[in-house]
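Residue numbers (UniProt numbering), protein chains in the order written: chain A, 1 to 239; chain B, 1 to 269.
In structure tokens form, the structure reads like this:
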């Protein structure tokens, strides 16, 4: 589904990504972990074509990134989604959720959208303006929007930042359900204790890719190398 | 009274048609500009345009009439480009760079005005416009800008809206959309200043869309509401100026001041 070959990116003389090689297959639930400033979001921004790497190649569904057009196949929830929303914008939650259809000129299945709206508890918020939502509600709205076109791949950049523990639990449960139905997920987080057992692959990134493989093979040593200091990893036990 | 009205309508018909085109065209872009927190852009453009206008008045002997509009467009875009050069190269905030270039342009414009003795005609027309001198050709220019804006709006409106919410969306070139929005506004301002003056032109970009954005129950009616408020200001400004014998641009802006009162009342409710 995704192939990244020898990716190299630098900004203002500082190397952010160095010789990154990564593959994501259909059905993967990949967590990209690493410290703040380790290049996780930059990698995703390269992958989605927001920034151009100095070296390397990216293939999406075996098509070179530059030639890729089927963006409706990817749902994306950005980092700090909606944090800077202006209170001047009277966009309702319903209008917000329908935006992807106009971006990609693709019809949203009404029943599926309402299934998502109900699933993520947004039904009573549809006529509210998006700036009136709490952070947790907004985060859910962004996820519904990302899922509305039935993407094959969902990319979430630090989605649980700012959510309390209970909301995080619910959130990961939802992700797990969609993954079991066949959705491929890439999750970026620096909170390694949030990496649930549902995640089947892990990539540990701090400028270089220190580890990329099965969750079960994930080596704490590699994680330690990436962070540069020793620490304990706490597994999720509630699944 | 009615006789007077018909007399003035006949006298100002091209000016009013051009003003109507401008009021509608600006309502297609103004709400999106506010959402991008760039409300001062049209105001800055009017300053840049003054330098372009005074340069043109000095160089008019060397530039054919048919190229005057293109000259103004090119020079205004060049100065706008300087703002983005400062943002990119000196890493300045956009409002800082805008302020630097507009002040520089204004200084140069006043220098040119004093050197070329253009204080009266060019400056007065620039500030307050001249609805009475608008001819058929200029009214059609306004109509053409409206059609171009409408076409661009139809194709880009979702991108313009998204730019007000998301910084990046996979597969969408939001930057290109923003540039097209600014280009449309540049076109509108160049045509608008000639008709209604700098003061009124930039006001159309702030009062009506602010009221529309604040009172609309959702985003869908924002553009029609902005158009309605802009047209109401244009017509009321015209009627007030005729009745009270005061400048058209001043009366339209004073009428738009009512929009602020409505905002306060709506807020209390």
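Backbone N, C-alpha and C define an ideal beta-carbon position, used for all residues, glycine too.
Quick caveat, the model's predicted, so the values are computed rather than measured.
For residue 77 (chain A), which residues in the same chain have their Cβ closer than 6 Å to its Cβ, ignoring the five residues on either side in sequence?
142, 143, 146, 156 and 159
Using the beta-carbon of each residue, which ones in chain A are nearer than 8 Å to residue 219 (chain B)?
89, 90, 91, 92 and 95
Looking only at its own chain, which residues have a Cβ that is under 7 Å from the Cβ of residue 71 (chain A), when we skip the five neighbours before and after it?
104
Quick one: residues in its chain with C-beta nearer than 8 Å to the C-beta of residue 53 (chain A), no 5 flanking neighbours on either side, listed in chain order?
7, 8, 9, 17 and 46
Close-in-space but distant-in-sequence residues of the same chain around residue 23 (chain B) (CB under 8 Å, 5 per side omitted)
204, 227, 230, 231, 233 and 234
Verify whether the separation of the beta carbon atoms of residue 47 (chain B) and residue 106 (chain B) is less than 7 Å.
yes
Which residues in the same chain have their Cβ closer than 6 Å to the Cβ of residue 63 (chain A), if we skip the five residues on either side of it in sequence?
none
Residue 88 (chain B) burial status per 10 Å Cβ neighbour count (16 or more: buried)
exposed
Name the chain B residues whose beta carbon is nearer than 9 Å to that of residue 78 (chain A)?
166, 167, 168 and 169
Determine which residues share a DSSP beta bridge with residue 10 (chain A) and list them.
A:15
Using a cut-off of 9 Å between C-beta atoms, extract the partners of residue 71 (chain A) located in chain B.
169, 170, 171 and 172
Of all the CB atoms in chain B, is at least one closer than 7 Å to the CB of residue 48 (chain A)?
yes
By DSSP, does residue 61 (chain B) sit in helix, in strand, or in coil?
coil
On the DSSP bridge assignment, give the partners of residue 270 (chain A) in chain order.
Because chain A in this structure spans residues 1 to 239, residue 270 (chain A) falls outside the shown range and cannot be described.
When DSSP labels each residue in this structure, what does residue 179 (chain B) get in the three-state scheme?
helix
Beta-carbon contacts of residue 5 (chain A) that lie in its chain and below 7 Å, excluding the five residues immediately before and after
21, 56 and 57
Pull up the distance between the alpha-carbon of residue 114 (chain B) and that of residue 37 (chain A), whole angstroms please.
55 Å
Going by alpha carbons, who is nearest to residue 97 (chain B) out of B:109, B:112, B:81 and B:111?
B:81
Since residue 174 (chain B) and residue 41 (chain B) should fall inside the 8 Å C-beta cutoff, what is the C-beta to C-beta distance between them, to a whole number of angstroms?
17 Å between Cβ atoms; not a contact.
Out of B:216, B:57 and B:77, which has the shortest C-alpha to C-alpha gap to residue 45 (chain B)?
B:77
Quick one: grab the DSSP three-state call for residue 237 (chain A).
With a pLDDT of 43 at residue 237 (chain A), under the threshold of 50, the modelled position of this residue cannot be trusted; read the value that follows with caution. If DSSP states are grouped into helix, strand and coil, residue 237 (chain A) belongs with coil.
Nearest residue (CA-CA) to residue 91 (chain A), options B:166, B:102, B:259 and B:26:
B:166
Residues sharing a beta bridge with residue 154 (chain A), DSSP:
A:75 and A:185
On a CA-only basis, which of A:175, A:181 and A:166 is nearest residue 259 (chain A)? Give me that one, please.
Given that chain A is displayed from residue 1 to residue 239, the structure contains no residue 259 (chain A) and the question cannot be resolved.
Quickly, what does DSSP pair residue 92 (chain A) with across the bridge? List them, please.
A:129
Delimiting residues of the alpha helix (DSSP H) encompassing residue 150 (chain B):
136-163
Inter-stretch contact (C-beta, 8 Å, three-pair minimum) for the region 3-14 of chain B and the region 130-147 of chain B:
yes
Would you identify the three-state DSSP class for residue 39 (chain B), choosing helix, strand or coil?
coil
Beta carbon proximity, residue 86 (chain B) to chain A, threshold 7 Å
no
What residues from the region 124-153 of chain A come within 7 Å of chain B, judged by C-beta to C-beta, listed N to C?
none
Check distances from the C-beta atoms of the region 220-236 of chain B to those of chain A and list, in chain order, the residues that come in under 8 Å.
220 and 222
Is there at least one Cβ from chain A nearer than 7 Å to residue 216 (chain B)'s Cβ?
yes
For the 8 Å Cβ check, are there 3 or more pairs between the region 239-256 of chain B and the region 193-210 of chain B?
yes
Using a Cβ-Cβ cut-off of less than 9 Å, list which residues of the region 97-125 of chain A approach chain B; keep chain order.
99, 100, 102, 103 and 104
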